[in-house]
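Note that our numbering has the sequence shown beginning at 31, numbered continuously upward.
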Amino acid sequence: MIVNNAEPLTEAFESARGRIVAMISRMLHSPDDVADVVQDTFCRLWPRRSTLSTTDEAVAMATTTARNLCIDRLRVASRRQNVAIDEERDEAAQLSTDDVYCMREQFNIVSSIIEKHLTPTQQQVLKLREFDGRSMEEIATMLDMEETAVRMNLSRARKRIREIYMEMDR
Numbered sequence: 031m032i033v034n035n036a037e038p039l040t041e042a043f044e045s046a047r048g049r050i051v052a053m054i055s056r057m058l059h060s061p062d063d064v065a066d067v068v069q070d071t072f073c074r075l076w077p078r079r080s081t082l083s084t085t086d087e088a089v090a091m092a093t094t095t096a097r098n099l100c101i102d103r104l105r106v107a108s109r110r111q112n113v114a115i116d117e118e119r120d121e122a123a124q125l126s127t128d129d130v131y132c133m134r135e136q137f138n139i140v141s142s143i144i145e146k147h148l149t150p151t152q153q154q155v156l157k158l159r160e161f162d163g164r165s166m167e168e169i170a171t172m173l174d175m176e177e178t179a180v181r182m183n184l185s186r187a188r189k190r191i192r193e194i195y196m197e198m199d200r
């Protein structure tokens with residue numbers, strides 16, 4: 031039921047929730063993801079509720095925000111490599127002992143470079159992005175930084191690792 035005195039954002043969610051959920055469902059096929067995006071949309075718009083003057087404006091903002099969140103989720107999912115457990119086992123079985131040893135050695139070298147030559151911020155950004163698979167936006171929020179600063183730190187960290195690794199390889 032829509033209350034006439036309700037603020038535009040709340041009213042928008044009450045009146046357009048079904049349409050927003052349907053749009054998200056067409057883009058994302060997991061009910062859990064749909065619920066998450068609906069909640070994220072509302073949470074992102076809540077701090078801006080005082081700037082929304084009409085219900086139509088709030089519906090448009092909610093629709094756009096939900097669509098952008100869906101696109102972000104799809105981008106993140108496309109970057110992650112989906113490999114079945116059996117395929118991982120088969121690939122691991124095909125690697126020789128020497129290959130496994132070389133991979134571990136390279137990993138240890140890169141880990142040492144990260145630990146010794148990167149700033150704590152670069153280490154955090156690199157870990158959150160490469161090991162935890164977080165988006166730039168999530169990292170920026172978690173570390174209370176601008177998204178451009180996160181990108182810059184990540185870029186500089188990767189460049190520094192590459193430079194040091196190449197020097198060691200000579």
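The beta-carbon is built from N, C-alpha and C at its ideal position, and this holds for glycine as well.
Note that the structure is a prediction, hence the values are computed from the model and not measured.
Buried versus exposed call for residue i [16 or more other C-beta atoms within 10 Å across all chains shown]
i	result
Met-91	buried
Val-130	exposed
Ile-143	buried
Phe-161	exposed
Pro-61	exposed
Ala-187	buried
Thr-171	exposed
Thr-127	exposed
Ala-42	buried
Arg-159	buried
Ile-32	Unreliable placement is indicated for Ile-32, whose pLDDT of 42 sits below 50; the coordinate value is still reported in the next sentence. That one is exposed.
Proximity of residue i and residue j at Cβ, strictly below 8 Å
i	j	result
Val-155	Asn-183	yes
Met-53	Arg-97	yes
Leu-39	Leu-99	no
Ser-45	Thr-93	no
Val-106	Tyr-195	no
Arg-79	Glu-37	yes
Contacts around residue i, its chain only, beta-carbon distance under 7 Å, and the 5 residues preceding and following it disregarded
i	result
Lys-189	none
Thr-151	Asn-183
Ser-55	Val-64
Glu-177	Met-166, Glu-167 and Ala-170
Glu-87	Pro-38
Contact set for residue i: own chain, Cβ-Cβ below 8 Å, skip 5 residues either direction
i	result
Asp-102	Ser-165 and Glu-167
Val-67	Ile-54, Leu-58, Ala-96, Leu-99, Cys-100 and Arg-103
Leu-148	Leu-156, Ala-187, Arg-190 and Ile-191
Thr-71	Ile-50, Ala-92, Thr-95, Ala-96 and Leu-99
Trp-76	Leu-39
Gln-136	none
Asn-35	Low per-residue confidence applies at Asn-35: pLDDT is 43, beneath 50, and the placement is therefore not dependable, though the value from the model is reported in the following sentence. Within the same chain, Asn-35 has no close Cβ partners at all.
Contacting residues, own chain, Cβ-Cβ under 6 Å from residue i (five flanking each side not counted)
i	result
Arg-74	Thr-95
Arg-49	none
Val-180	Val-155, Met-166, Ile-169 and Ala-170
Val-89	Ala-42 and Ala-46
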